[in-house]
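According to our numbering, the sequence shown is numbered sequentially starting from 188.
A short worksheet on the structure shown next.
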Amino acid sequence: MWNPAPASSLPRWERLAAAAVDFLVLLVPEFVIFDLIGAGPIGKATRFLRAHPKATVAQLTHAVPGIQTALDQVVILAELVTAVYLIAMTLAFGATLGKLLLGIRVQSVSGRPLSARDAVLRSAAFWLPALLTYVIPIIGLALWIAVFAGGTVMILSRPDRRAIEDFLGRSIVVSRAQVGTSLEALIGAGRGG
């Protein structure tokens, strides 16, 4: 007799804890990038603004000519590091460091490992909103809030525990014991009643 795992056995709190671990892991290279590229120009800008509190953006960029380039480089490199980390870890191990630590894995809805295409699409939910926030602040910020707040609500409330990134990457997050089991079997779809 076929007996699927109950949907409530899909990771929920572990997934949120793994996201917090991954956030901390990514802070390390992002701080290094900021220190190497952005600290000098931002320090100069801070000193200029303290001396000239009513300065305009034009005056600031004239006083610290490399500030915009440094900020651009910091944002682009930080988001590139995020994308590479998420994609490479998912393709190599089926999980990020946070997920590995908490015993959960990312797989396709069919139960197979994610394809490179799906890993890239899944990762876009995490780096694209931050990049858009820098380029188009209002739209990017709204997207960032939708992805993170909306994704958290989805993980906590949906029976399949799938969030925005899972729909983009046709994926599901499962416990280590559930690896290889399709989404259909996990949530009991197709159970004749």
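Glycine residues also receive a C-beta, built at the ideal position from the N, C-alpha and C atoms.
- For residue 263, no beta strand (DSSP E) segment is defined; the enclosing uninterrupted segment is the alpha helix (DSSP H) at 254-280.
- The Cβ-Cβ distance between residue 199 and residue 348 falls below 7 Å.
- The bridge partners DSSP lists for residue 294 are 359.
- Cβ-Cβ distances below 7 Å link residue 282 to 276, 291, 292 and 293 in the same chain, with the five nearest sequence neighbours on each side left out; the list follows chain order.
- Inter-segment contact for the segment 260-278 and the segment 296-313 is present: three or more beta-carbon pairs are separated by less than 8 Å.
- Residue 355 and residue 219 have their C-alpha atoms spaced approximately 30 Å apart.
- For residue 247 against residue 232, the beta-carbon gap comes to about 6 Å, under 8 Å, which counts as contact.
- Beyond the five residues adjoining it in sequence on each side, residue 360 comes within less than 6 Å, by CB distance, of 198, 202, 291 and 293 in the same chain, given in chain order.
- Here DSSP, grouped into helix, strand and coil, assigns residue 240 to coil.
- Taking the CA atoms as reference points, residue 332 sits about 10 Å from residue 326.
- One Cα belongs to residue 323, the other to residue 307, and the distance between them is close to 22 Å.
- Under the DSSP assignment, residue 330 falls in the alpha helix (DSSP H) whose first and last residues are 324-332.
- When DSSP states are grouped into helix, strand and coil, residue 230 belongs to the helix group.
- For residue 287, the closest alpha carbon among the candidates 207, 236 and 263 is that of 207.
- Rounded to the nearest whole angstrom, the CA to CA distance from residue 370 to residue 254 is 48 Å.
- Excluding five sequence positions before and after residue 320, the CB atoms of its chain that fall closer than 7 Å to its own CB belong to 327, 328 and 331, given in chain order.
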